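Engineer: Shown below is the structure under consideration.
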Amino acid sequence: MSKRTVQFKIYRYDPDRDEKPYMQDISVDLEPSDKKLLDALVRLKVKDDSTSFRRSCREGVCGSDAMNINGKNGLACLTDVDSLPQPIVLRPLPGLPVIRDLIVDMTQFFKQYNSIKPYLVNDNPPPERERLQSPEEREELNGLYECILCACCSTSCPSFWWNPDKFVGPAGLLAAYRFIADTRDEATNERLDNLEDPYRLFRCHTIMNCVDVCPKSLNPTRAIGKIKDMMVRRAV
Amino acid sequence: MKIAKHTYDAVIVGAGGAGLRAALQLSESGLKTAVLTKVFPTRSHTVAAQGGVAASLGNSTEDNWHWHMYDTVKGSDWLGDQDAIEFMCRKANEVVVELEHYGMPFDRLDNGKIYQRPFGGHSQNYGQSPVSRSCAAADRTGHAMLHALYQRNVRAKTQFFVEWMALDLIRDADGDVVGVTAMEMETGEVSIFHAKAVIFATGGAGRIYYSSTNAFINTGDGVGMAARAGVPLEDMEFWQFHPTGVAGAGVLITEGVRGEGGILRNAAGERFMERYAPNLKDLASRDVVSRSMVTEINEGRGCGPDKDHVLLDITHLSPETIMKRLPGIREISIQFAGIDPIKAPIPVVPTCHYQMGGIPTNYKGQVVAPKGDNSNTPVTGFYAAGECACASVHGANRLGTNSLLDLLVFGKSAGETVVEDIQSGNLRLKPLPENAADFSLARMARLENQKDGTNVHEVRLAMQRTMQKHAGVFRFSELLQQGVTAILEVAEQAKTTEIKDKSMVWNTARMEALELDNLIEVAKATMISAEARKESRGAHVRDDAPDTPEFPNGRRDDEWLKHTLWFSEGNRLDYKPVNLQPMSESVDPIALATRTY
Numbered sequence: 211m212s213k214r215t216v217q218f219k220i221y222r223y224d225p226d227r228d229e230k231p232y233m234q235d236i237s238v239d240l241e242p243s244d245k246k247l248l249d250a251l252v253r254l255k256v257k258d259d260s261t262s263f264r265r266s267c268r269e270g271v272c273g274s275d276a277m278n279i280n281g282k283n284g285l286a287c288l289t290d291v292d293s294l295p296q297p298i299v300l301r302p303l304p305g306l307p308v309i310r311d312l313i314v315d316m317t318q319f320f321k322q323y324n325s326i327k328p329y330l331v332n333d334n335p336p337p338e339r340e341r342l343q344s345p346e347e348r349e350e351l352n353g354l355y356e357c358i359l360c361a362c363c364s365t366s367c368p369s370f371w372w373n374p375d376k377f378v379g380p381a382g383l384l385a386a387y388r389f390i391a392d393t394r395d396e397a398t399n400e401r402l403d404n405l406e407d408p409y410r411l412f413r414c415h416t417i418m419n420c421v422d423v424c425p426k427s428l429n430p431t432r433a434i435g436k437i438k439d440m441m442v443r444r445a446v
Numbered sequence: 058m059k060i061a062k063h064t065y066d067a068v069i070v071g072a073g074g075a076g077l078r079a080a081l082q083l084s085e086s087g088l089k090t091a092v093l094t095k096v097f098p099t100r101s102h103t104v105a106a107q108g109g110v111a112a113s114l115g116n117s118t119e120d121n122w123h124w125h126m127y128d129t130v131k132g133s134d135w136l137g138d139q140d141a142i143e144f145m146c147r148k149a150n151e152v153v154v155e156l157e158h159y160g161m162p163f164d165r166l167d168n169g170k171i172y173q174r175p176f177g178g179h180s181q182n183y184g185q186s187p188v189s190r191s192c193a194a195a196d197r198t199g200h201a202m203l204h205a206l207y208q209r210n211v212r213a214k215t216q217f218f219v220e221w222m223a224l225d226l227i228r229d230a231d232g233d234v235v236g237v238t239a240m241e242m243e244t245g246e247v248s249i250f251h252a253k254a255v256i257f258a259t260g261g262a263g264r265i266y267y268s269s270t271n272a273f274i275n276t277g278d279g280v281g282m283a284a285r286a287g288v289p290l291e292d293m294e295f296w297q298f299h300p301t302g303v304a305g306a307g308v309l310i311t312e313g314v315r316g317e318g319g320i321l322r323n324a325a326g327e328r329f330m331e332r333y334a335p336n337l338k339d340l341a342s343r344d345v346v347s348r349s350m351v352t353e354i355n356e357g358r359g360c361g362p363d364k365d366h367v368l369l370d371i372t373h374l375s376p377e378t379i380m381k382r383l384p385g386i387r388e389i390s391i392q393f394a395g396i397d398p399i400k401a402p403i404p405v406v407p408t409c410h411y412q413m414g415g416i417p418t419n420y421k422g423q424v425v426a427p428k429g430d431n432s433n434t435p436v437t438g439f440y441a442a443g444e445c446a447c448a449s450v451h452g453a454n455r456l457g458t459n460s461l462l463d464l465l466v467f468g469k470s471a472g473e474t475v476v477e478d479i480q481s482g483n484l485r486l487k488p489l490p491e492n493a494a495d496f497s498l499a500r501m502a503r504l505e506n507q508k509d510g511t512n513v514h515e516v517r518l519a520m521q522r523t524m525q526k527h528a529g530v531f532r533f534s535e536l537l538q539q540g541v542t543a544i545l546e547v548a549e550q551a552k553t554t555e556i557k558d559k560s561m562v563w564n565t566a567r568m569e570a571l572e573l574d575n576l577i578e579v580a581k582a583t584m585i586s587a588e589a590r591k592e593s594r595g596a597h598v599r600d601d602a603p604d605t606p607e608f609p610n611g612r613r614d615d616e617w618l619k620h621t622l623w624f625s626e627g628n629r630l631d632y633k634p635v636n637l638q639p640m641s642e643s644v645d646p647i648a649l650a651t652r653t654y
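Here it is, written out as structure tokens:
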């Protein structure tokens, strides 16, 4: 089998060593078993152990290895390395402060997630057994609960880039609707109040970058639309 | 060197299912609690669990916890402690219902109750027929559970130290645990966390093997820290090889696939499990299915050009069922095998999956170690739960869905015990020893100044290949003996690892070197304990302990009905009895019997 070599152009910045960020040109030979971009990055790290990125499950469910791949946000572990035009240009997720190389500071992202009260609110004393929910009611949560908090969506959203402190962003709003849609949750009004604001919800201009990049094929724009509809219906 | 010191009532290390469940108990009780985690909580490996969590709710088929207890004892090949198993099975409904109340999006039956599916080794009426006991959220149960637990912790305002890697356990002159040292990834700085109680919930070390379903982060950090601090490790020879890892990639395909009707086939298309387990067939216990698969492959009936895997077939299920109950599996299969399981079967092979052994605990979550005549004396201030702990509920082989149950039950139990021990005044803040951080700092300095050392990647690879070759699905006396020599050599190499990257900021090279120290402890414990156990039991099956009329399945209850304890210092082995007595006097022990499915 002929040798597979990939060329990378990687954003590098180590505040401990570098005065400013730079793009590093580097190539690495792959083994036949290296299928995903993450495999190639792990291979690269053997060659240069200072290459820094987050990774864990390597199967698209933990959300650690989100990065900007040839200009588009995605998970390294779910991206076929052979499908990518070379050099493969890797940058950290846009719009968040860079800690080092491909590792970004996600504080603001999680702050927005926490701001929507991402937990079930139901102050009635719970029954002895499970709360009942019909299969149809439960189906309303499909496409919402599967979010892995990788931040691909929020960091591809221009509205989030401009106002990361004021706009909740697609991931947080998807989570907000996940609880609004849950028949067991009793805080719909408070949740809508919490979003009734020129920025928190209404900075979404349906650009739909979030839908385009979501590695789990979720649709935050649709969830945001449903929240907006509920706001309107509540107002009339 | 000046070191920052944090003081808490309790410190939890790890924020997967067990750590988060314990954290809820502590946060809601008002104790000052810190949760240290090397990854953001929802990135923990609990997230990858797929098929479900066991509870005898009986929502679709009649069930009760006695049957669950029987299945678990039998699944453990009688190496599980029956008091802890009774405790877990009795508590299952409570902790699963609690989770539902926290907002966990379980799938539902038409009557609105939690959906339950069949799973391997779980049965009705003491082994008679399969039972639907696995409570599931599609095939994303671990993800749904971990997020629900994290969300509940957001509500409880739990204090997390995210991306802090714990380095070492701090014990005082009495041997009591008084804290941990930890490194903040962003700054590279080491701190001391001084506490009345430390709970380890650090997960398993599946990355000691070359082929593993486990995440990169599963490096046995807590297990390694405990071993270095003189705490023995229990039953480390028992590793679960999950029957269905994607061939070549290692990624997990849930047993829930077989629970929904999936069938394993060899190259001839034969449903071979009928020959090995006439009763439960494809839903026999995992060790049994994995060995059957390897036997098929070894005897030339494997599939593919290299005849090195078998096929998991769900093409007979309706696309609707697959899309509704197994959507994540379909994604994984397309992504990692290049196959849509609606149209073609998935190539699978047994893959290292779960560490049955670990830090010895009792059912209250207290870490226990031999002292004088008592082999189960609690180590004051030290608790553990989840995969890093050995209660022991899984014994020689864990049943699917019992791991998520384990972390809920024992995470909660460890949390409750700590609250009780602190509020009753049993635990107080003992002074830190003078040299509390010296050991960790010496490890860091060694790594920093190492010249002409070994390469972390190469040593890790040597360890993984050694474990894979010498301590796999089937074990051979001669290979195990060679394996002990080989792994001790690798351990020597690990003492001089060298990293090129010396940055203080988010230094993943340093992190991987420190993780390797933990993996090596686990690998040594595994190989040495396995070599010593001269019988076949559960997941540990060796050539010189074959199935005979006198000793069915090669199990030697006359000599080996006991737990292994491995001590890092001098690689010393000790043993302690299995507890065959349930917790309650009213519950009959599950009597020893030959294990068939």
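Residue numbers (the working numbering), protein chains in the order written: chain A, 211 to 446; chain B, 58 to 654. Every residue, glycine too, gets a C-beta built ideally from N, C-alpha and C. Given the structure is predicted, the values throughout are model-derived calculations rather than measurements.
1) Alpha carbon to alpha carbon, how far is A:SER369 from A:ASN419? Give it in angstroms, no decimals.
2) Are at least three pairs of beta-carbons, each pair with one atom in the segment 439-454 of chain B and one in the segment 119-135 of chain B, less than 8 angstroms apart?
3) Taking Cβ to Cβ, would you say B:PRO427 is nearer than 8 angstroms to B:THR434?
4) Name the chain A residues that come within less than 8 angstroms of B:PRO407, Cβ to Cβ?
5) Let me make sure I understand the geometry here. Which of B:LYS559, B:LEU461, B:SER534, B:VAL541 has the alpha-carbon closest to that of B:GLN507?
6) Measuring alpha carbon to alpha carbon, tell me which residue in B:PHE298, B:GLY529, B:GLU143 is nearest B:THR408.
7) List, in order along the chain, the chain B residues whose C-beta lies closer than 7 angstroms to that of A:TYR355?
8) Please compile the residues from chain A whose C-beta is within a distance smaller than 7 angstroms of the C-beta of B:LYS170.
9) In whole angstroms, what separates the C-alpha of B:LEU281 from that of A:TRP371?
10) Just the C-alpha distance for A:ASP195 and B:ILE556, rounded to the nearest angstrom, thanks.
11) For my contact list, A:PHE377 and A:ARG410 are in at a C-beta cut-off of 8 angstroms; report their separation, rounded to the angstrom.
12) Measuring straight from C-alpha to C-alpha, what distance separates A:ARG265 and B:GLY359?
13) What separation, rounded to the nearest whole angstrom, lies between the Cα atoms of B:ASN431 and B:LYS619?
14) I need the boundaries of the alpha helix (DSSP H) containing B:CYS192, first residue and last residue.
15) Short of 8 angstroms Cβ to Cβ, which residues in the segment 379-400 of chain B face chain A?
16) Could you check whether the Cβ of A:ASP224 sits closer than 8 angstroms to any Cβ belonging to chain B?
17) Since B:HIS125 meets chain A, which of its residues come closer than 8 angstroms, beta carbon to beta carbon?
18) Can a CB atom of chain A be found closer than 8 angstroms to the CB of B:TRP563?
19) Straight-line CA distance for A:ALA276 to B:SER84?
20) Could you tell me which uninterrupted beta strand (DSSP E) segments, each at least 3 residues in length, are contained entirely in the segment 456-504 of chain B, listed from first to last along the chain?
21) Which class does A:TYR355 belong to by DSSP, given the choice of helix, strand or coil?
22) For the beta strand (DSSP E) that contains A:ILE279, what are its first and last residues?
23) Closer than 8 angstroms by beta-carbon distance: list the chain A residues that pair up with B:ILE274, in chain order.
24) Between B:SER117 and the rest of its own chain, which residues show a CB-CB distance below 6 angstroms, the 5 nearest in sequence each way excluded?
25) Would you kindly work out how many angstroms separate the C-alpha atoms of B:TYR654 and B:SER180, rounded to a whole number?
26) Taking the alpha-carbon positions, what's the B:GLU241 to B:PHE250 distance?
27) What is the rounded straight-line gap between the Cα of B:GLY277 and the Cα of B:SER268?
28) Taking the straight line between their C-alpha atoms, what separation do you get for A:GLU400 and A:ILE390?
29) With DSSP collapsed to three states, give me the class of A:ILE309.
30) For the structure I just gave you, are there three or more beta carbon pairs, one from the segment 291-311 of chain A and one from the segment 321-336 of chain A, closer than 8 angstroms?
31) For B:TYR159, decide whether its Cβ has a neighbour in chain A, counting only Cβ atoms nearer than 8 angstroms.
32) Below 9 angstroms on C-beta distance, what does B:LYS557 contact in chain A?
33) Quick check on B:THR99 - is its C-beta less than 8 angstroms from some C-beta in chain A?
34) Just the Cα atoms here: how many angstroms apart are B:TRP563 and A:THR261?
35) Can you pull out the residues from the segment 302-321 of chain B whose beta carbon lies closer than 8 angstroms to at least one beta carbon of chain A?
36) Going along chain B, which residues have a C-beta under 9 angstroms from A:PRO336?
Structural biologist: Checking against the coordinates, here is how it stands:
1) 11 angstroms
2) yes
3) yes
4) Correct list: empty, because the minimum Cβ distance to chain A is about 18 angstroms.
5) B:LYS559
6) B:PHE298
7) PRO162, ALA201
8) GLU340, LEU342
9) According to the sequence shown, residue 281 of chain B is Gly rather than Leu. The straight-line gap from Cα to Cα measures roughly 42 angstroms.
10) Residue 195 of chain A lies beyond the range of chain A shown here (211 to 446); nothing can be said about it.
11) 7 angstroms
12) 33 angstroms
13) 15 angstroms
14) Not the alpha helix (DSSP H): B:CYS192 falls in the beta strand (DSSP E), residues 186-192.
15) GLY385, GLU388, ILE389, GLN392, PHE393
16) yes
17) Ordered by position in chain A, no residue passes the 8 angstroms Cβ test against B:HIS125, which lies about 17 angstroms from the chain.
18) yes
19) 31 angstroms
20) none
21) coil
22) 276-279
23) SER266
24) GLN173, SER189
25) 10 angstroms
26) 12 angstroms
27) 16 angstroms
28) 10 angstroms
29) strand
30) no
31) yes
32) ASP258, ASP259, SER260
33) yes
34) 10 angstroms
35) GLY305, ALA306, VAL308, LEU309
36) VAL154, GLU155, GLU157, HIS158
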